[in-house]
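All the letters of the sequence shown, read from the start, carry residue numbers 449 to 710 under the working numbering.
Each residue gets a CB set at the ideal place from its N, CA and C atoms; glycine is no exception.
Below: one structure, written as structure tokens.
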Amino acid sequence: MSDRSPASGGETPPRPSRASLRTAVVWDVLQDAIDRRAKAAGADALDVLDTGGGTGNFAVPLARLGHRVTVVDPSPNALFALERRAAEAGVAERVRGVQGDVHGLFDVVGREGFDAVLCHGVLEYVDDPAEGLRNTVDALRPGGALSLLAAGLGGAVLARALAGHFTEAHRALDDPDGRWGEGDPVPRRFTAEQLTELVSATGAEVSAVHGVRVFADLVPGVLVDTEPGALEALLRLEAAAAELAAFRSVATQLHVLAERRA
């Protein structure tokens, strides 16, 4: 995690714990994008939309940096937890939860109303990923940043193979949706090429692609928890591998950063 000061002048979130290790790479990339957008806009506080933001894993830290965050999520229970979490963090006035989803996004928010949009863990579950992604991009102001995070095909294949489920690994590799069987809880997975094509089709310009959780899901937790310095070393390794195409192809998740053309 970076220790720089954010453009908003707010506090920098603490170094991630073992539980939040999986989001460390995404947070660093996202914070850089938010900082650049704030500087370009000449504003300390940005309007951020978090689609499928749930209980506020990203929304609350962004609000702590001084930004105004709207979370759109279909679960009323998640939104209730978000409200409580924001209140406990002292940022309730900067976090707004709205029930809805990306397909009906403009029933609850306006077009071109946000400086940044997060679409994390959404495309795997929606009926039409292309339409859902178009809506998220249409919610951006010109020059706004898109943070897209979705399940990666390669990571699922590797995980099933390492667990000894070779037939399931092969099935995921061949399945058009990247599913390893009827019991697979994830409806859809993507390659980096598929995600960048979806983003480009919206008219947004892809600026970076990262592999997320390249090693975090494979390393035994007891090793990270008990070996001195292991967590910090694993964080550095994840960050170093995230941008390399060879490791992106086996990441559990893929992160695409893009910008809506002015």
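Nearest-angstrom Cβ-Cβ length linking residue i and residue j, presumed shorter than 8 Å
i, j, result
"residue 546", "residue 519", "7 Å"
"residue 515", "residue 497", "Between residue 497 and residue 515 the Cβ distance is about 11 Å, and since that is not below 8 Å, they are no contact."
"residue 573", "residue 668", "Between residue 668 and residue 573 the Cβ distance is about 29 Å, and since that is not below 8 Å, they are no contact."
"residue 571", "residue 698", "Not quite, the Cβ-Cβ distance comes to about 19 Å (not below 8 Å), so this is no contact."
"residue 618", "residue 597", "Not really, about 26 Å apart at Cβ, beyond 8 Å."
Element boundaries [beta strand (DSSP E), containing residue i]
i, result
"residue 559", "Here residue 559 belongs to no beta strand (DSSP E), and DSSP marks it neither H nor E."
"residue 707", "701-708"
Contacts around residue i, its chain only, beta-carbon distance under 6 Å, and the 5 residues preceding and following it disregarded
i, result
"residue 696", "640 and 659"
"residue 502", "521 and 526"
Continuous alpha helix (DSSP H) stretch holding residue i: start and end
i, result
"residue 658", "Premise fails: residue 658 lies in the beta strand (DSSP E), 652-660, not in any alpha helix (DSSP H)."
"residue 592", "That residue, residue 592, is in no alpha helix (DSSP H); its beta strand (DSSP E) goes 588-599."
"residue 684", "678-689"
"residue 617", "614-622"
"residue 471", "Looking at the DSSP string, residue 471 is not in any alpha helix (DSSP H), and its letter there is neither H nor E."
"residue 663", "Element bounds for residue 663: n/a, residue is neither H nor E."
"residue 571", "Here residue 571 belongs to no alpha helix (DSSP H), and DSSP marks it neither H nor E."
"residue 611", "No alpha helix (DSSP H) holds residue 611; DSSP gives it neither H nor E."
"residue 671", "669-674"
Chain-order list of residues whose beta-carbon lies under 7 Å from that of residue i (same chain, five-residue window excluded)
i, result
"residue 681", "none"
"residue 534", "504, 508, 511, 540 and 543"
"residue 671", "678"
Other residues of its chain near residue i: CB distance less than 8 Å, five sequence neighbours each side excluded
i, result
"residue 488", "591"
"residue 654", "644, 647, 648, 704, 705 and 706"
"residue 710", "590 and 591"
"residue 665", "470, 603, 607 and 700"
Selected residue, minimal CA-CA separation from residue i, among the options
i, options, result
"residue 689", "662, 541, 504 and 536", "662"
"residue 541", "565, 699, 550 and 531", "531"
"residue 702", "504, 533 and 656", "656"
"residue 651", "584, 602, 684 and 665", "584"
"residue 565", "528, 612, 598 and 587", "587"
"residue 577", "638, 492, 486 and 676", "638"
"residue 538", "549, 478 and 513", "513"
"residue 473", "486, 500, 684 and 708", "684"
"residue 484", "618, 675 and 563", "563"
Any non-hydrogen atom of the ligand NAP closer than 7 Å to residue i Cβ
i, result
"residue 617", "Ligands in the displayed structure: none, and consequently the ligand NAP is not present."
Uninterrupted beta strand (DSSP E) stretches inside the segment 488-515 (no shorter than 3 residues): Complete beta strand (DSSP E) runs here, min 3: 495-499.
Note down, one range per segment and in chain order, each beta strand (DSSP E) of at least 3 residues found wholly within the segment 624-655. Look at the segment 624-655 and you find no whole run of beta strand (DSSP E) that is 3 residues long or longer.
Going along the chain, which unbroken runs of the beta strand (DSSP E) with 3 or more residues stay wholly within the segment 519-565? Counting only runs of 3 or more, we get 543-547.
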